[in-house]
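According to this note's numbering, the residues represented by the sequence shown are 16 to 294, in order.
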Amino acid sequence: MEMKANRSMLRQGLFLLSLPLFTAAAYAQSPALKELLSVPGAAVPGISAPSPVQAETYPDYVQDRKPATQSYNSGGVRVLNGVRFERDPATDLYSWRDLKLEDGKLDEAYFGFRSGGVGHAFLMFTFNGGAMSDGKPVRGLVVEVLPLEKKGEDFSPFGGGISGKYPLVWNMVEWNSFLEAAVGRDGLFVDVYPIKISREEKLRLLDEAITEAVRDHSAEKYNTIFNSCATNALKVFGRATGHNLVLGNHLPSVVIEHLKLRGFLGDRQRSEAANWFRP
């Protein structure tokens, strides 16, 4: 009996000794600030020629959302594939193109809200000359989570939205394309709030958002309460900043108000029909 007790104490001691090593290893996985900035003299990849408006990728589903990929990420430069750009009004199909980003030229990070239904939360990033597609500068990038609905199907947030009916998809959208659909086509308003965190945290937020967006989510289902646009935006925010916020209600408008009360959001910038002009 005494030998068993000694062996048990030895195992507990070894486990406790391993905890600092585990903590250090987990922390080391988070990219350092210098790793998120461009390296002077580093080779920057080109991006493919712009593609025409594509045929339908998932013919049974709505065509404004689909998973993107990341084909390059080194020295503070990354190339994203399958970012949504302009819509062809005649066919209601979008052009999906490559986008080259230089993390070090990140200008601002925003938490966003789009009206309509129960609302929609998203993250948006602007760049100071560090986002290019088809040889032209890109104003900003939206990273969002959506339910993947079938064509002609109305999204039911508290029906199919909580029963596992809809696959979950992370979508990356050029900012003008996002506004054209929300404001120009659907007549909604879009609010964005600059996030009041450090420069390093904003860079981590960009990295975490893209890392999560290009991960395989094909086995996941959208859930209005537990796995939604708002909960995923908060998850990414928590990973980047260490502020893991616990809310009793995760509707987008409630999340925005909570972040305001906690002092994380700056002044609202609203785009609506009265002040938005098609590029």
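We put the beta carbon where it would ideally sit given N, CA and C, even for glycine.
As the structure is a computational prediction, the values presented were derived from the model and not from experiment.
Check                                                                                                                                                         : Outcome
What does DSSP give as the partner residues of Leu95 in its beta bridges?                                                                                     : Gln85 and Leu114
Restricting to Cα atoms, I'd like to know which of Lys250, Ile240 and Leu194 is closest to Arg102.                                                            : Leu194
Can you give me the start and stop residues for the alpha helix (DSSP H) that His273 sits inside?                                                             : Pro267 to Leu276
Would you please state the rounded distance, in angstroms, between the beta carbons of Val133 and Leu262? I believe it to be under 8 Å.                       : Val133 to Leu262, Cβ: 15 Å. No contact.
Using a 10 Å radius around the Cβ and a threshold of 16 neighbouring Cβ atoms, would you call Gly323 buried or exposed?                                       : With the chain covering 16 to 294 only, the question about residue 323 has no answer from this structure.
Give the single residue among Phe170, Gly281 and Ile240 whose Cα lies nearest to the Cα of Lys211.                                                            : Gly281
Which ranges would you report for the beta strand (DSSP E) in the stretch 160 to 227 if only whole runs of at least 3 residues count?                         : 183 to 189 and 205 to 209
Short of 7 Å in beta carbon distance, which residues of its chain neighbour Ile240, apart from the five on each side in sequence? Order them along the chain. : Ile177 and His265
Alpha helix (DSSP H) containing Gly253: first to last residue?                                                                                                : Cys244 to Thr256
If you run the structure through DSSP and keep just helix, strand and coil, what is Gly263?                                                                   : coil
Considering just the uninterrupted stretch of the beta strand (DSSP E) at Arg129, what are its terminal residues?                                             : Leu121 to Arg129
Any heavy atom of the ligand COA closer than 6 Å to the CB of Ser86?                                                                                          : In the structure on display, the ligand COA does not appear, and there are no ligands present to speak of.
If you drop the 5 nearest sequence neighbours on each side, which residues of the same chain put their C-beta closer than 7 Å to that of Asn191?              : Arg154 and Pro294
Under a three-way DSSP split, which group does Asn7 fall into?                                                                                                : Because the chain is modelled from 16 through 294, residue 7 falls outside the range shown and cannot be assessed.
Under 8 Å by Cβ, that's how I've got Leu183 and Tyr237 pegged, so tell me the actual separation to the nearest angstrom.                                      : 4 Å
Suppose the cutoff is 7 Å on Cβ atoms and the five residues either side in sequence are ignored; what does the same chain contact list for Gly202 look like?  : Ala288
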